[in-house]
Amino acid sequence: MTTFDEPAMLSPGEARALFRAGTARPTTGWANGFTQTNLIAVPEDWAYDVLLFCQRNPQPCPVLDVSDPGDPSTRLAPGADLRTDLPRYRVWQNGALSGELTDASGLWRSDMVAFSIGCSFTFESALAAEGIPLRHIDQGRNVAMYVTNRECVPAGRLHGPMVVSMRQIPGDRVDDAVRITRGMPAVHGAPVHIGDPAALGIADLGKPDFGDPVDAEPGDVPVFWACGVTPQAALMASRPPFAITHAPGHMFVTDKLDSEFRVA
16 MTTFDEPAML SPGEARALFR AGTARPTTGW ANGFTQTNLI AVPEDWAYDV
66 LLFCQRNPQP CPVLDVSDPG DPSTRLAPGA DLRTDLPRYR VWQNGALSGE
116 LTDASGLWRS DMVAFSIGCS FTFESALAAE GIPLRHIDQG RNVAMYVTNR
166 ECVPAGRLHG PMVVSMRQIP GDRVDDAVRI TRGMPAVHGA PVHIGDPAAL
216 GIADLGKPDF GDPVDAEPGD VPVFWACGVT PQAALMASRP PFAITHAPGH
266 MFVTDKLDSE FRVA
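Below you can see the structure in the form of structure tokens.
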């Protein structure tokens with residue numbers, strides 16, 4: 016097995032085995048070429064609200080799979096276990112974060128419905144393949160994520176603001192980044208904003224709400240994509256009694272190739 020010193024070279028199964036054994040690191044750059052997903056799992060009586068919220072807000076919340084109640088498996092990686100195979104989980108009670116852990120099996124209820132939501136880490140391999148630098152990977156950091164002033168479309172009992180991920184893109188490559196990601200709508204698609212962060216209500220790029228601050232290089236432009244952490248912002252705003260999610264940046268690595276989600 017390749018060690019986690021070379022995470023890009025790991026197979027999805029090797030990456031999940033490391034996480035199952037307790038490795039807890041952000042997954043950006045891991046298992047190059049394979050799709051990663053966000054996780055939100057809720058009791059069955061909240062599942063329709065989550066599904067409707069995702070349907071009404073497909074750019075931040077593109078659903079790739081939904082489990083049956085109590086079933087921790089996913090069609091995106093047969094044999095994997097959503098309770099153990101992510102590097103880090105968050106546990107929510109009444110909209111408040113009650114803890115983080117590396118194994119959620121002890122808290123996984125028999126009525127939990129798990130939603131696997133597309134992740135922008137998936138399109139990073141496509142950006143890198145065309146020579147677009149990924150500053151956060153180069154700097155050994157998690158991607159920077161921010162809560163915005165853009166409200167999602169409410170659904171049932173769920174409401175809340177959109178969360179975005181930000182990448183510093185060289186100014187002469189922004190059009191290429193837009194073109195590449197527009198062709199991958201199942202993993203957030205084209206950017207929702209380019210340039211001035213104040214237009215999204217972001218006061219300081221150096222203070223992300225999730226992830227790590229990322230340093231810009233001369234000539235870089237901040238580019239913002241809708242982010243699958245948005246359901247966590249909805250949990251905080253809507254306060255359901257219980258939920259389990261991934262920790263931001265600590266994704267589920269699937270067996271699906273990134274190329275399977277390109278439409279153009």
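In my numbering, each residue's number is its place in the sequence shown (first place is 1) plus 15.
Every residue gets a Cβ at the ideal spot worked out from N, C-alpha and C, and that includes glycine.
Just so it is clear, the structure is predicted and the values come from calculations on it, not from any experiment.
Buried or exposed: residue i, going by 16 or more other Cβ atoms within 10 Å of its Cβ?
i	result
Met24	exposed
Gln154	exposed
Lys222	exposed
Gln247	buried
Arg105	buried
Asn164	exposed
Val278	exposed
Gln183	buried
Glu139	buried
Pro93	exposed
Ala211	The sequence given here has Asp at residue 211, not Ala. That one is exposed.
Round the Cβ separation of residue i and residue j to the nearest angstrom and send it over; I've been treating them as touching at under 8 Å.
i	j	result
Val158	Asp224	12 Å between Cβ atoms; not a contact.
Asp5	Phe34	Residue 5 lies beyond the residue range present for the chain, which begins at 16 and ends at 279; the question has no answer from this structure.
For residue i, tell me which candidate among the options has the shortest Cα-Cα distance.
i	options	result
Pro102	Val238, Met177, Pro233 and His265	His265
Cys237	Met160, Thr245 and Val268	One point to set straight first is that residue 237 is Pro, not Cys, in the sequence displayed. Among Met160, Thr245 and Val268, the Cα nearest to that of Pro237 is on Met160.
Trp61	Leu97, Val128, Ile147 and Thr38	Val128
Val202	Leu67, Val168 and Thr52	Thr52
Pro233	Leu250, Arg194, Phe239 and Pro185	Pro185
Asp83	Leu54, Leu220 and Asp126	Asp126
Pro169	Tyr63, Phe257, Ser120 and Ala39	Tyr63
Leu142	Ala92, Gly216 and Asn47	Asn47
Ile147	Gly133, Phe276 and Asp190	Asp190
Pro256	Leu91, Leu97, Thr43 and Ser113	Ser113
For the alpha helix (DSSP H) that residue i lies in, which residues bound it at each end?
i	result
Ser253	Thr245 to Ser253
Glu59	Glu59 to Arg71
Following the continuous beta strand (DSSP E) through residue i, name the residue where it begins and the one where it ends.
i	result
Arg105	Tyr104 to Gln108
Measuring only from the beta carbon, is residue i closer than 6 Å to any heavy atom that is part of the ligand MG?
i	result
Leu101	Among the components modelled here there is no ligand, and therefore nothing to report on the ligand MG.
Task: Start-end ranges of the beta strand (DSSP E) lying completely within the stretch 126 to 185, minimum 3 residues - done: 127 to 133, 159 to 166 and 176 to 185
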